[in-house]
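Going by the UniProt record's numbering, the first residue of the sequence shown is number 1, and it counts up by one from there.
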Amino acid sequence: MVRPLGFLVGLGFILALLCAIFTTPLSNEPNAVHEFHKHPRHLALASDGMFPHWDKAQLQRGMQVYKEVCSACHSLNLVAFRDIAELGYTEGQVKSFAKSYDNIPSINPDTGEPATRTGLPSDHFPAPYANETAARAANNNALPPDLSLITKAREDGKNYVYSLITGFQNPPANLPKELQPATGLHYNPYFANLNLAMAPPLADGQVTFADGSPNDLKSMAKDVTAFLVWTAEPKLVKRVWTGWAVFLYLLIFTILAYLSYRNIWAGKEH
1 MVRPLGFLVG
11 LGFILALLCA
21 IFTTPLSNEP
31 NAVHEFHKHP
41 RHLALASDGM
51 FPHWDKAQLQ
61 RGMQVYKEVC
71 SACHSLNLVA
81 FRDIAELGYT
91 EGQVKSFAKS
101 YDNIPSINPD
111 TGEPATRTGL
121 PSDHFPAPYA
131 NETAARAANN
141 NALPPDLSLI
151 TKAREDGKNY
161 VYSLITGFQN
171 PPANLPKELQ
181 PATGLHYNPY
191 FANLNLAMAP
201 PLADGQVTFA
211 DGSPNDLKSM
221 AKDVTAFLVW
231 TAEPKLVKRV
241 WTGWAVFLYL
251 LIFTILAYLS
261 YRNIWAGKEH
């Protein structure tokens, strides 16, 4: 009687477990937030697809948008000034760009006290705040994320970043009261919980480009998103084309190996 009893107990446990699995509500069932949340819109860039390339003029415009607008709140800790040479800048232009920053943290060699100095090509883009406490104090207790890897860190990457920048709008009339943006928050259907502390960062005509490129909201958002794709994956294009080179090499090697096989075994097949 021991073995049948043990079998029945085990069977009952398995059945109870299956019932719990199939009757437990799923966490992704529709709710009020999901009803108003929107999926990111697709953004086409030159760096997309099987044969990508960098649009260096666009990347330069995007960097300008970052410097004049985004850098007021967001850091770019993983990017050094000398890295922008890959965007088409000369060595002299890189040095001039680095010198345009006069707030690089340093130490006074004479007194040992904290000081600042002008930038060098080897320096990284400086953070806008001294520490996290200062950053939160200036942003309604929200911490602006570092943008170095933002298009890799967020789901849907570049599409999410572009949609978020261009997605600020007034709340819809049928938005439930509990989802209405509180004081200091702004409605954006592309954000996870619909409301975020960041105010709309861009507006038409906010940045003027030397080459006369369009500076409406969507154009600037596209440019800065393209720049952030580059900061997250500066070797993306090189990696893809290296992959194509390896594929071509293997294809040629396979064809030559097959022809060699046919040539060696041709006489033995008859």
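Ideal Cβ placement from N, Cα and C applies to all residues, glycine included.
For residue i, the nearest candidate out of the options (CA to CA)
i	options	result
Pro-109	Asp-102, Arg-117 and Asn-103	Arg-117
Lys-99	Glu-68, Gly-184, Asp-204 and Leu-120	Leu-120
Ile-84	Ala-115, Ile-264 and Trp-230	Trp-230
Ala-197	Leu-43, Asn-140 and Ala-57	Asn-140
Gly-184	Thr-242, Ala-138, Ala-44 and Ser-71	Ala-138
Val-33	Pro-114, Lys-177, Ser-260 and Gly-243	Lys-177
Pro-172	Asn-188, Ala-127, Gly-157 and Lys-56	Asn-188
Phe-51	Thr-242, Leu-194, Tyr-66 and Thr-133	Thr-242
Leu-194	Asn-170, Gly-212, Ser-213 and Glu-113	Asn-170
Ser-71	Asn-103, Leu-43, Tyr-89 and Glu-91	Asn-103
Tyr-66	Gly-112, Trp-244, Asp-146 and Lys-235	Asp-146
Gly-205	Asp-211, Leu-217 and Ala-199	Leu-217
Tyr-89	Thr-111, Gly-112 and Ala-57	Ala-57
Tyr-101	Glu-113, Thr-111 and Ser-122	Ser-122
Whether residue i touches residue j by CB criterion (7 Å)
i	j	result
Ser-163	Pro-40	yes
Arg-154	Leu-143	no
Leu-76	Leu-59	no
Ala-68	Val-224	The sequence shown places Glu at residue 68, not Ala. Result no, Cβ atoms of Glu-68 and Val-224 do not sit closer than 7 Å.
Thr-166	Ala-203	no
Lys-38	Tyr-190	yes
His-186	Phe-168	yes
Val-79	Phe-36	no
Val-237	Trp-54	yes
Ser-213	Arg-82	no
Lys-152	Ala-232	yes
Segment limits, beta strand (DSSP E) that includes residue i
i	result
Ser-106	104-107
Ala-115	114-117
Residue range of the alpha helix (DSSP H) that includes residue i
i	result
Ala-266	Segment: none, Ala-266 is in no alpha helix (DSSP H) and carries neither H nor E.
Arg-136	132-137
Ser-219	217-232
Lys-99	91-99
Residue i classed as buried or exposed, judged by whether at least 16 other C-beta atoms fall within 10 angstroms
i	result
Leu-248	exposed
Gly-49	exposed
Arg-239	exposed
Ile-252	exposed
Ser-106	exposed
Tyr-160	buried
Ile-150	buried
Pro-201	buried
His-74	buried
Asn-28	Here the model assigns Asn-28 a pLDDT of 43, short of 50, so the residue's position is not dependable, and the following value carries that caveat. Exposed, by the Cβ-count rule.
Ala-182	exposed
Ala-115	exposed
Ser-47	buried
Leu-259	exposed
Near the ligand FMN: residue i beta-carbon under 6 Å from a heavy atom
i	result
Val-79	As for the ligand FMN, it is missing from this structure, which has no ligand bound.
Sequence ranges, alpha helix (DSSP H) only - wholly within the region 141-206, length at least 4: 150-153 and 157-166
Tell me the start and end of each unbroken alpha helix (DSSP H) in the region 31-68 that is at least 4 residues and wholly inside, in chain order. 32-36 and 56-68
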